[in-house]
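Student: Read top to bottom, the protein sequences are chains A, B and C. For the first sequence, this note's numbering gives the first residue as 1, with consecutive numbering after it. For the second sequence, this note's numbering gives the first residue as 1001, with consecutive numbering after it. For the third sequence, this note's numbering gives the first residue as 2001, with consecutive numbering after it. Even for Gly, the Cβ is constructed at its ideal location relative to N, Cα and C. Structure provided below as structure tokens; questions to follow.
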Amino acid sequence: MWTFFHKLASPKYFYDISGRLLPWFATATVLLLLAGLYQGLWVAPADYQQGESYRIMFIHVPAAWMSMFVYMLMAGAGAIGLIWKIKLADIVAASCAPLGASFTFLALVTGSLWGKPMWGAWWVWDARLTSELILLFLYLGYIALQSAIDDTRTAARASTVLALVGVVNIPIIHYSVVWWNTLHQGATVTKMGTPSIATSMLIPLLLMALAFKLYFVTVVLLRARNEVLKRESGSSWVKETLDIK
Amino acid sequence: MTLSEFLNMGGYAFYVWTSYALAGVILIANVLMPMLNARKQRRELIGKLRREGSV
Amino acid sequence: MPTPTLPNLALACTALLRRDLTLAMRHRGEMANPLLFFVLVVSLFPLGLGPDSQTLQTIAPGVIWVAALLAALLSLEGIFRSDFEDGSLEQLLLSPHPAALLVLTKVIAHWLVSGLPLILVAPLLGVLLNLPTAAMGALLASLALGTPVLSLIGAIGVALTVGLRRGGVLLSLLVLPLYVPVLIFAASAVADAGIGLAITAQLYFLGALLALALTLAPLAAAAALRISVS
């Protein structure tokens, strides 16, 4: 098991194995997306309170979950790269960032589109939306820091420190925003999701969540493979790979 | 649900379909970018290696 | 290498503190800039929103605190920039003393020079914005607890960007999201005190943030410095 991880850290091995796994992840993603969309848009019944607009949830909630999940992964991969000095971990962390930011942005916009029919305003300083907004800033800061530093190794280490500081701060920021929100909110607020969710709505939600996860793996593999080729361009196995096909 | 009901989404068509369309755009863009990048990078790397004389 | 004994470390920190304070005193003019900025920004709000005392009273806690955040941000570069440029930062990191404690010392020096003046000027700004007298104590308490946190968290951001040529705007992007909890609890404390509510919860949270920042921020900043300097 340990040798598997050791081998995985080798860029060449990673490139080979990811190349073989990629079609499977991609296919699974597409299948799950189709299943989720079918269940969410067609099969699941309308909500008695929110009508059809609640279907935005099937995009909004998985996107929000992914935005958090990807950040943790980004920080974790960065930490592995920092502590054990594994280049591939740095590459994975860097590949996560734009995707995480995309998910956060998607969560924000779909939240806004859901909020408009529900709460009547394009933007509300709801606790979750506000936390997501700050998370977006954290992602953008990470990406900005990485691109500002020229040396890839230094850039990876610096942005990892930032990501780890962010990880400590995210619960604090989230808690403070929730606290702030309960202070300033009116007495009546429609909650975005009912605490006990009907099975017919839970299924598409989970399908979409899983689809988003596999999608994430697919894209990270794609990005990481590009990075690996770029950084290892001097080595002989890259030269061989480029000439094949 | 009939097809017209499906498209109308109970009057919320704009909100629902914009959300899904935006999701589609973002998901497709995030897949296309690395794929296009791969092709471009491949060309550049082959060119660079040829210039260096190692290929 | 001799293991640093406790007296050695204390001496090193005192020496560093004295050095930083002396250097800051020599550039007293630069010290004044963030302070003037603080006063100016707060003064802009009545000019922009109108002099209605009720409005000013409502926005006073938030405005004073946002201005404090921005003023703290402005002053941050001073922590490491000049040391980075003349090479003394590297020397600091090479010393046998734990870098985190040396960083903490520098942050304390920075706070004395930039945070403390903000606290002293704040009552004046409260008066400008018609802050109720009941809230003045809360303003001072929140600033006393909050400005060190701003310096500590800011130090991490500066440590990450000190090696960059134009790190200024990037610094704001990195640090401001991390400042949000301080802003929320501090502004809430001042606002609640103004209407007579208890503010123990907010003060406890600010205290907790301070404790967390005191322990972890120097470590993160030291790590970031090593990375930036390498």
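#1: Just verifying my parser: in three-state terms, what is the DSSP assignment at A/D151?
#2: Please report the straight-line C-alpha distance between A/A211 and A/A158, rounded to a whole angstrom.
#3: Let's test the definition: count the other Cβ atoms within 10 Å of the Cβ of A/Q49 and tell me whether it reaches 16, buried, or not, exposed.
#4: Let me make sure I understand the geometry here. Which of C/P2148, C/V2042, C/R2026 and C/R2028 has the alpha-carbon closest to that of C/P2061?
#5: Can you have a look at A/A101 and say buried or exposed, based on whether 16 or more other CB atoms are within 10 angstroms of its CB?
#6: Give a yes or no on contact between the region 2202-2211 of chain C and the region 2055-2070 of chain C, applying the rule of three or more CB pairs nearer than 8 Å.
#7: Return helix, strand or coil for A/D126, following the three-state DSSP convention.
#8: Does any C-beta atom of chain C lie closer than 7 Å to the C-beta of A/G81?
#9: Can the beta-carbon of A/T104 be found less than 7 Å from the beta-carbon of A/S67?
#10: Look up A/D47 in the DSSP assignment and say whether it is helix, strand or coil.
#11: Establish whether the CB of B/E1032 and some CB of chain A are separated by less than 7 Å.
#12: Could you check how far apart the C-beta atoms of C/G2154 and C/L2209 are, in whole angstroms? I think they sit under 8 Å.
#13: Going by the beta-carbon positions, is the gap between C/S2228 and C/G2163 smaller than 7 Å?
#14: Which residues of chain A have a Cβ atom closer than 7 Å to the Cβ of C/I2227, listed in chain order?
#15: Rounded to whole angstroms, what is the Cα-Cα separation between C/S2213 and C/L2035?
#16: Just the chain A side, please: which residues come within less than 8 Å of C/V2180 by C-beta, in chain order?
#17: In chain C, which residues lie less than 9 Å from A/V168 when you measure between Cβ atoms?
#18: Check whether the region 164-171 of chain A and the region 73-85 of chain A touch, using three or more Cβ-Cβ pairs below 8 Å as the test.
#19: Can you find a CB in chain D that lies within less than 7 Å of the CB of C/L2173?
#20: Would the region 2168-2183 of chain C and the region 2115-2133 of chain C be scored as touching if the rule is three or more Cβ pairs under 8 Å?
#21: Could you spell out where the alpha helix (DSSP H) holding A/G78 opens and where it closes?
#22: Do you know how far the Cα of C/M2025 is from the Cα of A/W122?
#23: Give the secondary structure of B/Y1012 by DSSP, where H, G and I count as helix, E and B as strand, and everything else as coil.
#24: Quick one: which residues of the region 72-103 of chain A get their C-beta closer than 9 Å to a C-beta of chain B? List them in chain order.
#25: Could you work out which residue in A/T27, A/F58 and A/L32 is closest to A/L41 when comparing CA atoms only?
Tutor: Reading it off the structure:
#1: Coil.
#2: The straight-line gap from Cα to Cα measures roughly 32 Å.
#3: It is exposed - the Cβ of A/Q49 has fewer than 16 other Cβ atoms within 10 Å.
#4: Minimum Cα distance to C/P2061 is reached at C/V2042.
#5: Classification for A/A101: buried.
#6: Taking a cut-off of 8 Å for Cβ pairs, the region 2202-2211 of chain C and the region 2055-2070 of chain C do not touch, as fewer than three such pairs fall below it.
#7: Coil at A/D126, not helix or strand.
#8: Not one chain C Cβ lies under 7 Å of A/G81.
#9: It is a contact, given that the beta carbons lie within the stated cut-off.
#10: It is a strand residue.
#11: The question names Glu, but residue 1032 of chain B is Leu in the sequence shown. No, no contact with chain A.
#12: The Cβ separation is near 13 Å, so there is no contact.
#13: At a Cβ-Cβ threshold of 7 Å, C/S2228 and C/G2163 count as neighbours.
#14: Those within 7 Å of C/I2227 in chain A are T154, R157, A158 and V161.
#15: Residue identity check: residue 2213 of chain C is Ala in the sequence provided, not Ser. In this model, C/A2213 and C/L2035 are separated by some 23 Å (Cα to Cα).
#16: Correct list: I134, I173, S176 and V177.
#17: Here the neighbours are L2212, L2216 and A2220.
#18: Touching, yes.
#19: Absence of chain D from the displayed structure is noted, the protein chains being A, B and C.
#20: Counting Cβ pairs under 8 Å, fewer than three are found: no touch.
#21: Here the alpha helix (DSSP H) through A/G78 covers M57 to W84.
#22: Each residue's alpha carbon lies about 50 Å from the other.
#23: Per DSSP, reduced to three states, the secondary structure at B/Y1012 is coil, with no helix or strand assignment.
#24: Of all residues in the region 72-103 of chain A, S95, P98, L99, S102 and F103 have a Cβ within less than 9 Å of some Cβ in chain B.
#25: That would be A/F58, whose Cα lies nearest to the Cα of A/L41.
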